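Worksheet: the structure to be examined is printed underneath.
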């Protein structure tokens, strides 16, 4: 295989991998939000609809992920953005586990409830690793 062909094939593979990883990240964020919205932990608390709480938790994950990306691009410390991201994932994980125990008390159900927030975190870690190696 000529060097140019390997480079083009490698580039295509990297692009396809990045697109797949972005799809997994966005899909896991959507699944986590839907899961949180379906099991409102704080319905009516402080006079706020349940979906607002789910949006706030997911906002930490998305905002933290964007903050990590911006920090990598700008060459700044990522620690505060990772803190936001981890706080959002921990809240989503706790909320999902609480809702699954409350409704089913099933270990397998708990594992499936926990998978979406963890997948979003793992996908974000890989996406930022790739960005860091490119910067």
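Numbering (our numbering), first residue to last: 1336 to 1470. All C-beta atoms in this analysis are idealised placements derived from N, C-alpha and C, irrespective of residue type, glycine included. Here the structure is a predicted model, which is why all the values come from computation and not from measurement.
On the premise that residue j lies in contact with residue i, defined as a C-beta separation below 8 Å, what is that separation, rounded to the nearest angstrom?
i	j	result
residue 1488	residue 1423	Lying outside 1336 to 1470, the shown extent of the chain, residue 1488 is not represented and no answer is given.
residue 1453	residue 1428	7 Å
residue 1430	residue 1392	7 Å
residue 1425	residue 1435	Actually they do not touch by this definition, with Cβ atoms about 16 Å apart.
residue 1404	residue 1463	7 Å
Relative to the C-alpha of residue i, which candidate in the options has its C-alpha closest?
i	options	result
residue 1355	1371, 1401 and 1461	1461
residue 1468	1408, 1348 and 1442	1408
residue 1369	1465, 1451 and 1342	1451
residue 1410	1349, 1466, 1342 and 1353	1466
residue 1457	1343, 1348 and 1359	1359
residue 1419	1459, 1441 and 1444	1459
> Is there contact here, the stretch 1414-1422 with the stretch 1388-1399, by at least three beta-carbon pairs under 8 Å?
Replying inline: yes
> Curious, which full-length beta strand (DSSP E) runs of at least 3 residues does the stretch 1354-1430 contain?
Replying inline: none
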